[in-house]
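Inspection log for the structure reproduced underneath, given as structure tokens.
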Amino acid sequence: GSGSIDLLSLEPHLRAAAGLFLGFQYPVEIPGVSFLQFLRESLNAQRGARGEAPLSGGEFLKLAREQAALLNIDMDMLKRPVNVGFSGGEKQSAEMVQMGILAPRLAVLDEPDSGLDIDALRVVGHGINAIMRAPDKAVLLITHYQRLLDYVKPDFVHVLAGGRIVRTGGPELALELEERGYEAVAA
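Anchor point for the sequence shown: position 178 equals 240 in my numbering, and the numbering is continuous, going up by one each time.
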């Protein structure tokens, strides 16, 4: 349509500025860079690409505190180097803070529930709901398990097999998958 952008043709930083967020199953560690510094640079780079003024240090810290509080995450965690020595749960919690600060229009989250205990799973579910549940936002959530969908109720469930969508349904399809397995449902 008019005003639409082909995200695939853009460089990654321009995709991000256009409102796309990619959450990784295993976020990378970046020694020597504090999470807060990383988040501020990321946000201000995106703001610059959109022709918006950068946030000052004070404005940014206020936003970071709000997002951390929203997710019940200790600000001290954000002062550490990016993901260095973080548990799987801490890495995913930090991804949620990052998503909250960058405020994307579309988030693609690749198995954010991978290897998480129930508390970390709750934080991720709450984060997705708190940040992305809005009429002008969308989430493509990739998961193999129902347990995250107990927190994040999907509007649509798609079953992907061999690179194709083989079935589509509502939340009940995820429950059927959990009960009967992929083989039975995708056949």
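From the three backbone atoms N, C-alpha and C, an ideal C-beta is built for every residue, glycine too.
Just so we're clear, the structure is a prediction, and the values are computed from it rather than from any experiment.
Of the residues Ala192, Val247, Glu73 and Gln99, the one placed nearest Leu117, counting alpha carbons only: Sequence index remark: in the sequence shown, residue 117 carries index 55 (1-based). With distances taken between Cα atoms, Leu117 lies closest to Gln99.
In its own chain, which residues sit with a C-beta less than 6 Å from the C-beta of Ser176, not counting the 5 before and 5 after it? For the purposes of this step, residue 176 is taken as the residue at position 114 of the sequence shown. For Ser176, where only same-chain residues beyond five positions count, the Cβ hits under 6 Å are Gln87.
DSSP state of Ala80 mapped onto helix, strand, coil: As a working mapping, residue 80 is identified with position 18 in the sequence shown. In the structure shown, Ala80 sits in coil (DSSP, three-state: anything other than H, G, I, E or B).
For Pro143, which beta-bridge partners are listed by DSSP? Within the sequence shown, the letter at position 81 stands for residue 143. Looking at the DSSP assignment, Pro143 forms a beta bridge with Ser96.
Stretch pair the region 217–225 + the region 189–197: three plus CB contacts closer than 8 Å: Under the Cβ criterion (8 Å, minimum of three pairs), the region 217–225 does not count as touching the region 189–197.
Reduced DSSP secondary structure (H/G/I, E/B, other) of Ile163: As a first step, residue 163 must be located in the sequence shown, where it is residue number 101. Ile163 falls in the helix class under three-state DSSP.
Identify every residue that forms a DSSP beta bridge with Arg229. Taking the sequence shown and counting its residues from 1, the one referred to as residue 229 is at position 167. BP columns for Arg229 point to Val221.
Please identify the residue among Arg242, Asn145, Leu105 and Val185 whose C-alpha is closest to the C-alpha of Ile135. As a first step, residue 135 is located in the sequence shown; it is residue number 73 there, counting from the start. Among Arg242, Asn145, Leu105 and Val185, the Cα nearest to that of Ile135 belongs to Val185.
Segment limits, beta strand (DSSP E) that includes Val201: By one-based count along the sequence shown, residue 201 stands at place 139. Looking at the DSSP string, the run of the beta strand (DSSP E) that includes Val201 is Ala200 to Ile204.
Quick one: give me the first and last residue of the beta strand (DSSP E) that Val170 is part of. Residue numbering aside, residue 170 sits at position 108 when the sequence shown is read from its first letter. Taken as a continuous stretch (DSSP letters only), the beta strand (DSSP E) holding Val170 covers Leu168 to Asp172.
Going by the CB atoms, is the gap between Asp179 and Pro151 shorter than 8 Å? What you label residue 151 is simply residue 89 of the sequence shown in a count that begins at 1. What you label residue 179 is simply residue 117 of the sequence shown in a count that begins at 1. One point to set straight first is that residue 151 is Gly, not Pro, in the sequence displayed. Yes, Cβ-Cβ distance for Gly151 and Asp179 is below 8 Å.
Are three or more beta carbon pairs between the region 123–134 and the region 151–162 nearer than 8 Å? yes
Beta-carbon proximity list for Leu239, same chain, < 6 Å, skipping 5 on both sides: Position 177 of the sequence shown, counting from 1, holds the residue named residue 239. Within the same chain, Leu239 has close Cβ partners Val247.
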